[in-house]
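A.B. asks: Take the sequence shown: its letter number 250 is residue 250 in my numbering, and every next letter is one higher.
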Amino acid sequence: MPEYAIVIAGFAVGLIVGLTGVGGGSLMTPILIFFFGVKPYLAVGTDLLFAAATKAGGTLSLARQKLVPWRVVAWLSAGSLPAAALTLYTLHRVGPASAPVQKAMTLTLGVALVLTALAMFYKAARGRQLPRQLNHADLDQAMRARHPALPVLFGALIGTLVTLTSVGAGAIGVSVLLLLFPLLPLPRIVAADIAYAVPLTLLAGLGHASLGSVDWHLLGLLLCGSLPGIWLGTRLVHRTPERLVRSGLSVLIGYAGLKLIAI
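1. Under 8 Å: do the region 59 to 77 and the region 26 to 34 share three or more Cβ pairs, one atom per stretch?
2. Exposed or buried, what is glycine 37 when buried is set at 16 or more other beta-carbons lying within 10 Å of its beta-carbon?
3. Three-state secondary structure (DSSP) at aspartate 215?
4. On the criterion of 16 or more Cβ atoms from any shown chain inside 10 Å, does alanine 149 qualify as buried, or is it exposed?
5. Can you tell me where the alpha helix (DSSP H) holding lysine 55 begins and where it ends?
6. With the cut-off set at 9 Å, would you say alanine 204 and valine 152 are in Cβ contact?
7. Terminal residues of the continuous alpha helix (DSSP H) containing proline 10?
8. Alpha carbon to alpha carbon, how far is alanine 9 from glycine 257? Give it in angstroms, no decimals.
9. Count the other CB atoms, across all protein chains shown, that sit within 10 Å of the CB of serine 217; report buried if there are 16 or more and exposed otherwise.
10. Alpha carbon to alpha carbon, how far is threonine 59 from isoleucine 194?
11. How should tyrosine 41 be labelled, buried or exposed, when 16 other C-beta atoms within 10 angstroms of its C-beta is the threshold for buried?
12. Under 8 Å by Cβ, that's how I've got valine 44 and serine 210 pegged, so tell me the actual separation to the nearest angstrom.
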């Protein structure tokens with residue numbers, strides 16, 4: 001495919017991530033595998049650094065708008081970063097390009113995408129609409145988890161999944177945040193999801209890069225599109241037609257997951 005198609009794909013995914021917090025690994029990894037013919041282990045490694053750079057740009061925009069709940073980000077990172085490091089150590093021992101590992105990554109990626117699609121569709125169909133703004137006292141209360149250990153535990157689970165498949169920090173992360181912080185306004189849920197994914201995907205991506213699992217030319221082209229896309233998306237986050245966008249994404253992601261499972 002021509003290089004401009006890769007740039008357009010990066011822009012589209014960046015825009016969706018900025019609008020919803022969802023779509024990085026859930027969309028980009030299947031796009032790289034099915035449309036651009038990238039091997040699964042290269043798609044995962046490249047997408048992780050793509051997500052880190054893209055979401056870093058989104059985090060800067062959201063931080064300027066004072067939407068990032070940093071306390072929530074710290075809790076999730078306390079679980080996800082050690083889990084990612086342990087998963088990378090395991091991959092270093094067994095090798096990411098071996099046939100059993102590629103098969104396991106493809107199957108795990110497919111299952112993760114199907115679970116992501118189900119979580120997104122449930123949220124779109126049955127989830128209640130969250131308030132868009134809270135006063136300072138209510139916001140402080142909304143950032144308190146039901147139990148302090150839960151964000152760390154779920155962060156560890158997501159960290160493992162993201163390192164293996166590049167999927168999970170988006171839709172699954174948003175679903176977890178909605179469960180743990182049900183009073184937090186949607187723009188802050190999206191902001192927390194994008195911000196905590198930055199150190200996680202950077203650590204996991206650099207680990208994959210040390211294994212030779214990153215296509216640097218492909219990464220550069222994707223970022224040429226995604227950085228303007230996520231900047232635009234984060235500026236429009238307050239106007240997102242949430243149910244419509246999430247419903248459409250859940251169908252696309254579920255289809256990609258089933259195709260990967262069938263490989």
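Built from N, CA and C at the ideal position, the CB exists for glycine as well. Since the structure is predicted, the reported quantities are computational estimates derived from the model, not experimental observations.
C.D. replies: With the given structure in hand:
1. No, because fewer than three Cβ pairs between the region 59 to 77 and the region 26 to 34 fall closer than 8 Å, the two stretches do not touch.
2. Here residue 37 is taken as the residue at index 37 of the sequence shown, counted from 1. When all chains shown are included, glycine 37 counts as exposed.
3. Position 215 of the sequence shown, counted from the start, is the residue given in the question as residue 215. Here aspartate 215 sits in coil by DSSP.
4. To locate residue 149, count along the sequence shown from 1; it is residue 149. Classification for alanine 149: exposed.
5. Counting from 1 along the sequence shown, the entry for residue 55 is found at position 55. From DSSP, the alpha helix (DSSP H) with lysine 55 extends over 40 to 64.
6. Start at 1 with the first residue of the sequence shown, and residue 204 comes out as number 204. Start at 1 with the first residue of the sequence shown, and residue 152 comes out as number 152. Taking 9 Å as the Cβ cut-off, alanine 204 and valine 152 do not qualify as a contacting pair.
7. Here residue 10 refers to the residue found at position 10 of the sequence shown. The sequence shown places glycine at residue 10, rather than the proline named in the question. According to the DSSP assignment, glycine 10 belongs to the alpha helix (DSSP H) that extends over 3 to 20.
8. If you number the sequence shown from 1, residue 257 lands on position 257. If you number the sequence shown from 1, residue 9 lands on position 9. Their Cα atoms are separated by approximately 18 Å.
9. Sequence index remark: in the sequence shown, residue 217 carries index 217 (1-based). A small fix is needed here, since residue 217 is histidine in this sequence, not serine. Histidine 217 should be labelled exposed.
10. If you number the sequence shown from 1, residue 59 lands on position 59. If you number the sequence shown from 1, residue 194 lands on position 194. So the two alpha carbons sit approximately 6 Å from each other.
11. The count along the sequence shown starts at 1 and reaches residue 41 at position 41. The residue is buried, with at least 16 neighbouring Cβ atoms inside 10 Å.
12. Locating residue 44 in the sequence shown gives position 44, where the first residue counts as 1. Locating residue 210 in the sequence shown gives position 210, where the first residue counts as 1. In fact, because the Cβ distance is near 14 Å, the residues do not count as touching under 8 Å.
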